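Reviewing the structure listed below.
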Ligand code: SF4
Ligand code: SF4
Ligand code: SF4
Ligand code: SF4
Ligand code: FES
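Protein chains in written order, with our numbering: chain A, 1 to 137; chain B, 1001 to 1359; chain C, 2001 to 2333.
Dropping the structure here:
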């Protein structure tokens, strides 16, 4: 269990998840203030290296969120991204990094409620994992 | 000349430790060997450590200083990096091979010359006594003799161990070496006979035996590498544009194996690692085989391909270094030969130039 | 022709393959079909061959063949203009297929001389079997054994006991694409156990995460960041590797472990779905770092998750240049 507030980097795609976060805000839905949002054009823009770098430089967790399959503004960005995420997810696990540091979600612009839920779930998982030690520089 | 039983080596090391020396000898790291602190383990001296001796003095990376400019407008600079090197305990590098010992003398030209004395390097150098072990039969990649060294070459050593049958003959080479032996002598008698090292005068028979072993070993080193002839050709102005470079470099992959493992390669990079307003200035090995080595900020690269980079490596070792320091930057240790992933053999490159008539 | 059994893979067979390679190279150079032929010639150290670039038909005699032909020569292909002939083993040709798929070379600019491969020798294994610090002066392959001569010893070893670990579990020893195939396909499959490679990965995955992490930490600790693994890999052809980027600086060459881990994780991700387990990276490493478990696991992940195997389908698309709607989705919130 982490004895301080976890710091989570969230890469949100401009067209869906970022708008979903916005909706959560305008709808005044409460969610933990632990995420630091980085807006990206598409989930396909997220290079797995960015995720690794976050973990290295002290993020307790990382969330990557994009449009639902079929809804990507660039047609297939999230499908292509999903393949990379499968690889990263399995690689980190095999490498011995604890499960639950890195999360992926699909959140649409209409899903403010879901965004808040995802952030809650991610924050609690990351908090429970305690202080990261493995890739940290 | 002194003599001790081979089996007494561990007791000798114990005595060094008791005299508050940090003992550095070849240790295993995974599949490789490198010089590291021995701490009670038995000493096992490989033919030649995978990683070169140079890293005891010029480590792969080190912090030169740290700074903090986050608070006040003044930047505070902390030079404790230098001080830390100054504060290192006296050390003994034990089980050095003659080629590696010799490499230090070449490196001194760069880091401890009259023109420039690198504080980090020189401090470590001053604090370290080099105890060299003459080579057993040389390996197939060795060509130390051709570069002016040899399996019994004492250059760069403070104390020199030579093996005969079950013993080592121990020769004091320098004042530093003499001091070391004087210091440890009273401590050689350990807690039990097994933990004691008996060091006594060698007799004529021993010396005779060592001379014989020496002759055999010196003869079995590859002396056929035309280094001198190559140096002469590489010293000619026209060589830079010679078409042979195209041929000799072709299979090079452009990795840093040959340069990083070379005991005499000494190129480095300095950069700042900054987080927020504070950071450290670091120095780390660099390699002329990397494109980044000469990449300009503009994007222009004066050594655009592997050909120019490979040429640089050869020219630096066998021409520029010779011009600057009157000796070539190669001790014939064969590490680059043994470890090149594509068996690009520097000896063949030298031979190719030695036999060449330049246009 | 009589079908040869594995144990009959003798000097004659190897000699015949070598002859075949020399003849093909000479013929293609003579006819002007190719400008250069990339093969192996004798190296300067025992147990070694070295890459050679032949441009004149009469030099084709320098070409050799045998279980010491360890380099993956396809790494040179993107460097050449003109048409190139190259000799490839089962694994090498799959990196070549990937280079074609990824538009690094074009199929009509390369003449592929394939050889069904019985496996190559792992020099480190030979050294270990021999004991520390023995000097080998001479190594010869006779039939299926390796004869070693050195400082006062003569030893014979079975080649299959000192094969490279990738070769022991090779799935495709026979080149999947070629212009000329030299040798006997049946021998190549002999003694290989493709499933064992995945078994090893599965067993490792059963360890506790901390144990897995410490294993990798220990392995990676010794990395000197010489990048020979990257340079030897035919698939690491990027003009600027992420490890060399200065802005942003992904990998620092300072204070080791974490940055070295990032390099290796990044490298494995970059060769995911492309790596063919040729083992060139492993052999290139001067300090013996073995991260084959990582690449092998990735190969298995790719196969299980996407039913994709690298370098088999010359008409296909690279793994990450395509997708299927039904790709795994269950890990996404
Ligand atoms: S070790 Fe070999 S391949 Fe690597 S840079 Fe040196 S010569 Fe080239
Ligand atoms: S160039 Fe090669 S043989 Fe010469 S000192 Fe360096 S590593 Fe040793
Ligand atoms: S990553 Fe290694 S095993 Fe895989 S293709 Fe590249 S060199 Fe071969
Ligand atoms: S070849 Fe070995 S030492 Fe060099 S970068 Fe790769 S793993 Fe590290
Ligand atoms: S635009 Fe949202 S995932 Fe591509």
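Every residue gets a Cβ at the ideal spot worked out from N, C-alpha and C, and that includes glycine. Everything numeric in this text was worked out from a predicted model, so none of it was measured.
Going by alpha carbons, who is nearest to residue i out of the options?
i, options, result
"residue 1005(B)", "1022(B), 1315(B), 1166(B)", "1166(B)"
"residue 2254(C)", "1339(B), 1281(B), 1320(B)", "1281(B)"
"residue 103(A)", "79(A), 26(A), 92(A)", "92(A)"
"residue 2181(C)", "2080(C), 2303(C), 2114(C), 2297(C)", "2114(C)"
"residue 1135(B)", "1188(B), 1037(B), 1219(B)", "1219(B)"
"residue 2130(C)", "2120(C), 2154(C), 2109(C), 2111(C)", "2154(C)"
"residue 1098(B)", "1055(B), 1146(B), 1160(B)", "1160(B)"
"residue 2273(C)", "2265(C), 2122(C), 2298(C)", "2298(C)"
"residue 1216(B)", "1239(B), 1138(B), 1142(B)", "1138(B)"
"residue 2151(C)", "1158(B), 1148(B), 1140(B)", "1140(B)"
"residue 1063(B)", "1299(B), 1272(B), 1354(B)", "1272(B)"
"residue 2325(C)", "81(A), 89(A), 110(A), 101(A)", "81(A)"
"residue 84(A)", "2313(C), 2333(C), 2306(C), 2315(C)", "2306(C)"
"residue 1048(B)", "1196(B), 1094(B), 1309(B)", "1094(B)"
Is any beta-carbon of chain C found at less than 9 Å from that of residue i?
i, result
"residue 1120(B)", "no"
"residue 1343(B)", "yes"
"residue 1231(B)", "no"
"residue 1113(B)", "no"
"residue 31(A)", "no"
"residue 1250(B)", "yes"
"residue 1260(B)", "yes"
What I want to know is whether the C-beta of residue i ends up closer than 8 Å to one or more non-hydrogen atoms of ligand 2.
i, result
"residue 1034(B)", "no"
"residue 1346(B)", "yes"
"residue 1143(B)", "yes"
Compute every distance between the C-beta of residue i and the non-hydrogen atoms of ligand 3, then say whether any falls below 8 Å.
i, result
"residue 2071(C)", "no"
"residue 2280(C)", "yes"
"residue 2171(C)", "no"
"residue 2276(C)", "yes"
Does chain B have any CB closer than 9 Å to the CB of residue i?
i, result
"residue 2272(C)", "no"
"residue 2053(C)", "yes"
"residue 2039(C)", "no"
"residue 2137(C)", "yes"
Kindly list the residues whose CB is nearer than 7 Å to the CB of residue i, restricted to its own chain and excluding five residues on each side of it in sequence; keep chain order.
i, result
"residue 2145(C)", "2156, 2157, 2158, 2159"
"residue 2078(C)", "2099, 2104, 2105, 2237"
"residue 2171(C)", "2194"
Short of 6 Å in beta carbon distance, which residues of its chain neighbour residue i, apart from the five on each side in sequence? Order them along the chain.
i, result
"residue 2263(C)", "2243, 2251"
"residue 2007(C)", "Note that residue 2007(C) scores 37 on pLDDT, short of 50, meaning its location in the model is unreliable and no value can be drawn from it."
"residue 2147(C)", "2140, 2156"
"residue 1088(B)", "1127"
"residue 1100(B)", "1053, 1263"
Quick one: does the C-beta of residue i sit closer than 8 Å to a heavy atom of ligand 5?
i, result
"residue 2329(C)", "no"
"residue 2323(C)", "no"
"residue 147(A)", "Examination of residue 147(A) is not possible in this model, given that chain A is present from 1 through 137 alone."
"residue 42(A)", "yes"
"residue 20(A)", "no"
"residue 66(A)", "yes"
"residue 16(A)", "yes"
What distance in whole Å lies between the Cβ atoms of residue j and residue i, which are believed to be in contact at a cut-off of 8 Å?
i, j, result
"residue 2095(C)", "residue 2234(C)", "4 Å"
"residue 1112(B)", "residue 1122(B)", "5 Å"
"residue 2169(C)", "residue 2196(C)", "5 Å"
"residue 2137(C)", "residue 2046(C)", "6 Å"
Taking only heavy atoms of ligand 6 into account, decide whether any of them is closer than 8 Å to the Cβ of residue i.
i, result
"residue 2234(C)", "You won't find ligand 6 in this model; what it holds is ligand 1, ligand 2, ligand 3, ligand 4 and ligand 5."
Skipping 5 residues on each side, what residues in its chain have a beta carbon closer than 8 Å to that of residue i?
i, result
"residue 2004(C)", "Its pLDDT being 35, under 50, residue 2004(C) is placed unreliably in this model, and the value from its coordinates should be taken loosely. 2013, 2184, 2186, 2187."
"residue 40(A)", "11, 12, 13, 14, 46"
"residue 1342(B)", "1251, 1252, 1253"
"residue 2022(C)", "2060, 2061, 2063"
"residue 1318(B)", "1227, 1230, 1231, 1234, 1328, 1329, 1330, 1350"
"residue 2093(C)", "2074, 2112, 2114, 2175, 2176, 2177, 2178, 2311"
"residue 1312(B)", "1288, 1303"
"residue 1257(B)", "1336, 1339, 1340, 1341"
Nearer than 8 Å: is that true of the beta carbon of residue i relative to any heavy atom of ligand 4?
i, result
"residue 2180(C)", "no"
"residue 2291(C)", "yes"
"residue 2139(C)", "no"
From the beta carbon of residue i, is the nearest beta carbon of chain A less than 9 Å away?
i, result
"residue 2227(C)", "no"
"residue 2276(C)", "no"
"residue 2332(C)", "yes"
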